[in-house]
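Asks:
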Amino acid sequence: MARRKKRGNTAPRAESREGLSFSDFSDLFGIGVPVASGQLVTPETAMRFSAVFACVRLLGGAVASAPARIYRREGQEERRVVRGHPLADMLRLRPNRFMTATTFWKAFVTHKVLQGNGYAHIIRSRFGEPVGLYPLNPRNVVVYWAWEIGLDRRLGVERNRLFYRVTFEDGQARLYDQDDMLHVPNVGWDGKRGLSTIAAAGQGIGLGLAAEESSARFFSNGMLAKIALTYPKSLSPGAAEELREYFDARHTGTANHHRPLLLTEGGEAKTLSMSAEDAQLIESRQFSVIDICRFFGVPPVMIGETEKTSSWGSGVEQMARWFTTFTLNDHLSAIEQELEAKLFRDGCFAEFDESELTRGDTKTRGEFYRIARGSMQEPGFMTINEIRAAEGLPPVEGGDKLPVKKDENGQTSATPA
11 MARRKKRGNT APRAESREGL SFSDFSDLFG IGVPVASGQL VTPETAMRFS AVFACVRLLG
71 GAVASAPARI YRREGQEERR VVRGHPLADM LRLRPNRFMT ATTFWKAFVT HKVLQGNGYA
131 HIIRSRFGEP VGLYPLNPRN VVVYWAWEIG LDRRLGVERN RLFYRVTFED GQARLYDQDD
191 MLHVPNVGWD GKRGLSTIAA AGQGIGLGLA AEESSARFFS NGMLAKIALT YPKSLSPGAA
251 EELREYFDAR HTGTANHHRP LLLTEGGEAK TLSMSAEDAQ LIESRQFSVI DICRFFGVPP
311 VMIGETEKTS SWGSGVEQMA RWFTTFTLND HLSAIEQELE AKLFRDGCFA EFDESELTRG
371 DTKTRGEFYR IARGSMQEPG FMTINEIRAA EGLPPVEGGD KLPVKKDENG QTSATPA
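Quick note, my numbering runs 10 ahead of the 1-based positions in the sequence shown.
This is the structure we're talking about:
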């Protein structure tokens, strides 16, 4: 009797595969990017470099702190906030059963900027409605065209439709259609995967890690060696080793920092200054920080690099607006478009509210609200309650009317909001 084939959830084997590059293997198996400094650069080791950690934390935190709001289009340009939408709580508070929205978006953005792709499996109800988003480690995801695994011939699906093979921690693998996968790639999109920042910035990150290691050794055991001991006659190897052990035991470490130095046999102690090579090492660390900021699109001052930029004043506020406009919006727009394409079927869409990230100081906001209410005989465009809502305050009675405008005859008119 013919033996029945065992049925399971494993994905079909690829019938034709393109050659994988070293970057592909490094992303899938975490073996690291080869760099000239000799350091092993992986997402884990890269996060040990303070500049990489700060950039990733800043990007993930900025996306997570911008709440997602759901709107409905009305006409070509108008839109209104949708109250009580079924997906509102999932995007704003609880994407799945075991993590909050803040944790989810931080993990999603970290995967995107470090490993080149942010993946989240869309859990749907029996009616096809999205009910949850589960983030996936990019190392556990392999992307195929339908023709690569023969689904276009066997099932008649579109040749260039994407399918995602996900290997879970217990070893089981499943294949998901592109409609059931939230996928936001990094720059360098080739149709299936984005370019990992670790692969692009591997040399700079490796240089930074090497400088960190060299600096740690340079400052170990009581920081810089400030004293050299010289003798008129050469010392035997045994005497030199005994002198070194004596010096280490009596005069190194913070506890022995101020103990007097006693020398015999005509020995002299000479003070050493920092060499040009040592100073260059410290400068290279600063250069590595700026170089990493270029790859992530983060102004150096926003991760604490204030050597050439004041950490106070309006200049930093303008940098924060630049960061929001040219860096953060790039990530937010990509996520918003993927959410609209994969989650919404009712004409609604989601946008991240980044107003909290671009708010000025109290004086600047006061001047803006004064103009919004109407000034210099110009009509206003915000009501009192809209301004109070922007400041997180409750509405007041009679605050839903637009401010009055005076015409040439001194007549006033009010237009309801």
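Quick reminder that beta carbons are idealized off the backbone N, C-alpha and C, glycines included. These figures come from a predicted structure and were not determined experimentally.
1) Just the C-alpha distance for M100 and A183, rounded to the nearest angstrom, thanks.
2) Is it the case that the region 107-114 contacts the region 392-401, given that we only count it when at least three CB pairs across the two stretches are under 8 Å?
3) Have a look at I80, M109, T110 and flag the residue whose alpha-carbon is nearest the alpha-carbon of L97.
4) For C358, which beta-bridge partners are listed by DSSP?
5) Enumerate in chain order the residues of its own chain whose CB-to-CB distance from A211 is below 7 Å, with the five nearest sequence positions on each side excluded.
6) Nearest CA to the CA of G365: which residue from I381, V73, V152, R58?
7) Name the two residues that bound the continuous beta strand (DSSP E) containing W155.
8) Return helix, strand or coil for N339, following the three-state DSSP convention.
9) For V62, count the other beta carbons within 10 Å of its own beta carbon; 16 or more makes it buried, fewer makes it exposed. Which is it?
10) Quick check: the Cα distance between E88 and F137, rounded to an integer number of angstroms?
11) Is the separation between the beta-carbon of L367 and that of T337 shorter than 7 Å?
12) Can at least three beta-carbon pairs, one atom from the region 137-155 and one from the region 171-186, be found at a separation below 8 Å?
13) Using C-beta distances below 7 Å, list every residue in its chain close to P195, excluding the 5 sequence neighbours before and after it, in chain order.
14) When you compare the CB positions of D363 and A76, do they come within less than 7 Å of one another, or not?
15) For L219, which residues from the same chain have a beta carbon less than 6 Å from its beta carbon, with the 5 sequence-adjacent residues on both sides left out?
16) In the DSSP assignment, the alpha helix (DSSP H) including H121 goes from what residue to what residue?
17) Buried or exposed: P22, going by 16 or more other Cβ atoms within 10 Å of its Cβ?
18) Whole angstroms is fine: what's the gap from R380's alpha carbon to R331's?
19) How would you write the range of the beta strand (DSSP E) that A183 sits in, first residue to last?
20) Could you check if F118 is buried or exposed, using at least 16 other CB atoms within 10 Å of its CB as the buried criterion?
21) Can you grab the Cα-Cα spacing for the pair R163 / W157, in whole Å?
22) Quick one, are the C-beta atoms of A360 and A78 less than 7 Å apart?
23) Helix or strand or just coil, what does DSSP make of T55?
24) Is T120 buried or exposed, if buried means 16 or more other CB atoms sit within 10 Å of its CB?
25) Spatial neighbours of K352 within its chain, please: CB distance less than 7 Å, with the 5 preceding and 5 following residues excluded, ordered by chain position.
26) With H, G and I counted as helix, E and B as strand and the rest as coil, what does DSSP make of M100?
27) Do you know how far the Cα of Q347 is from the Cα of S298?
28) How long is the line joining the alpha carbons of L68 and I313, rounded to whole angstroms?
29) Span of the beta strand (DSSP E) holding V91?
30) Whole angstroms are fine: how far does the CA of V91 sit from the CA of E139?
31) Using CA atoms only, rank isn't needed, just tell me which of C358, E252, F391, L124 is closest to E84.
32) Got a sec? Which residues, its chain only, sit under 7 Å from M329 by beta carbon, not counting five neighbours each side?
33) Assign K411 to one of three DSSP states: helix, strand, or coil.
34) Let's see if you can read the secondary structure: which residues bound the beta strand (DSSP E) around G142?
35) So the alpha helix (DSSP H) V66 belongs to, where does it begin and stop?
36) Tell me V194's beta-bridge partners as DSSP assigns them.
Replies: According to the structure data:
1) Here the question's residue 100 lines up with position 90 in the sequence shown. Here the question's residue 183 lines up with position 173 in the sequence shown. When rounded, the separation of the alpha-carbon atoms in M100 and A183 is 26 Å.
2) no
3) In the sequence shown, the residue the question calls residue 97 occupies position 87. Measuring from the Cα of L97, the nearest candidate turns out to be I80.
4) Numbered from 1 along the sequence shown, position 348 holds the residue referred to as residue 358. DSSP lists R82 as partners of C358.
5) On the sequence shown, position 201 is the one that residue 211 refers to. If we look at A211 and ignore the five residues flanking it on each side, its Cβ neighbours are I302, F305.
6) By 1-based counting over the sequence shown, the position of residue 365 is 355. Residue 365 is actually Ser in this sequence, not Gly. It is V73.
7) Position 145 of the sequence shown, counted from the start, is the residue given in the question as residue 155. Here the beta strand (DSSP E) through W155 covers 151-155.
8) Counted from its first residue, the sequence shown places residue 339 at position 329. Three-state DSSP puts N339 in a helix.
9) Taking the first residue of the sequence shown as position 1, residue 62 is located at position 52. The residue in question, V62, is buried, as its Cβ has 16 or more Cβ neighbours within 10 Å.
10) The residue labelled residue 88 in the question sits at position 78 within the sequence shown. The residue labelled residue 137 in the question sits at position 127 within the sequence shown. In this structure, the alpha-carbon of E88 lies about 30 Å from that of F137.
11) Looking up residue 367 in the sequence shown gives position 357. Looking up residue 337 in the sequence shown gives position 327. No, these two residues do not count as a Cβ contact at 7 Å.
12) yes
13) Residue mapping note: residue 195 aligns to position 185 of the sequence shown, counting from 1. For P195, where only same-chain residues beyond five positions count, the Cβ hits under 7 Å are G126, N127, R203, G204.
14) Residue numbering aside, residue 363 sits at position 353 when the sequence shown is read from its first letter. Residue numbering aside, residue 76 sits at position 66 when the sequence shown is read from its first letter. Cβ distance < 7 Å, so D363 and A76 count as in contact.
15) Locating residue 219 in the sequence shown gives position 209, counting from the first residue. Once the five neighbours on either side are set aside, the close Cβ partners of L219 are Q49, F59.
16) Mapped onto the sequence shown, residue 121 falls at position 111. From DSSP, the alpha helix (DSSP H) with H121 extends over 111-125.
17) For the purposes of this step, residue 22 is identified with residue 12 of the sequence shown, where counting begins at 1. Reliability fails at P22, whose pLDDT of 49 lies under 50, so the model's placement of it is uncertain and the value that follows must be treated cautiously. Exposed is the call here.
18) Start at 1 with the first residue of the sequence shown, and residue 380 comes out as number 370. Start at 1 with the first residue of the sequence shown, and residue 331 comes out as number 321. If you take the alpha carbons of R380 and R331, they lie about 22 Å apart.
19) Counting from 1 along the sequence shown, the entry for residue 183 is found at position 173. It spans 183-187 - the beta strand (DSSP E) in which A183 sits, taken as one unbroken run.
20) Against the sequence shown, residue 118 aligns to sequence position 108. The residue in question, F118, is buried, as its Cβ has 16 or more Cβ neighbours within 10 Å.
21) The residue you call residue 163 lines up with position 153 of the sequence shown. The residue you call residue 157 lines up with position 147 of the sequence shown. Their Cα atoms are separated by approximately 8 Å.
22) The residue you call residue 360 lines up with position 350 of the sequence shown. The residue you call residue 78 lines up with position 68 of the sequence shown. The beta carbons of A360 and A78 sit closer together than 7 Å.
23) Taking the first residue of the sequence shown as position 1, residue 55 is located at position 45. Note: T55 maps to helix in three-state DSSP.
24) On the sequence shown, position 110 is the one that residue 120 refers to. T120 comes out buried.
25) Working through the sequence shown from its first residue, we reach residue 352 at position 342. Within the same chain, K352 has close Cβ partners I132, D189, L192.
26) Taking the first residue of the sequence shown as 1, we reach residue 100 at position 90. Three-state result, M100: helix.
27) Walking along the sequence shown from the start, residue 298 turns up at place 288. Walking along the sequence shown from the start, residue 347 turns up at place 337. Each residue's Cα considered, the two are about 34 Å apart.
28) Here residue 68 refers to the residue found at position 58 when the sequence shown is read from its first residue. Here residue 313 refers to the residue found at position 303 when the sequence shown is read from its first residue. L68 and I313: Cα-Cα distance of roughly 8 Å.
29) Against the sequence shown, residue 91 aligns to sequence position 81. It spans 88-91 - the beta strand (DSSP E) in which V91 sits, taken as one unbroken run.
30) Position 129 of the sequence shown holds residue 139. Position 81 of the sequence shown holds residue 91. One C-alpha to the other measures close to 20 Å.
31) In the sequence shown, residue 84 corresponds to position 74, counting from 1. If we check each option's Cα against that of E84, C358 comes out closest.
32) Taking the first residue of the sequence shown as 1, we reach residue 329 at position 319. P309, V311, M312, listed in sequence order.
33) For the purposes of this step, residue 411 is identified with residue 401 of the sequence shown, where counting begins at 1. In this structure, K411 counts as strand in the three-state DSSP scheme.
34) As a working mapping, residue 142 is identified with position 132 in the sequence shown. Element bounds for G142: 140-146.
35) Looking up residue 66 in the sequence shown gives position 56. It spans 60-75 - the alpha helix (DSSP H) in which V66 sits, taken as one unbroken run.
36) Translated into positions along the sequence shown, residue 194 becomes position 184. Its beta-bridge partners are G128.
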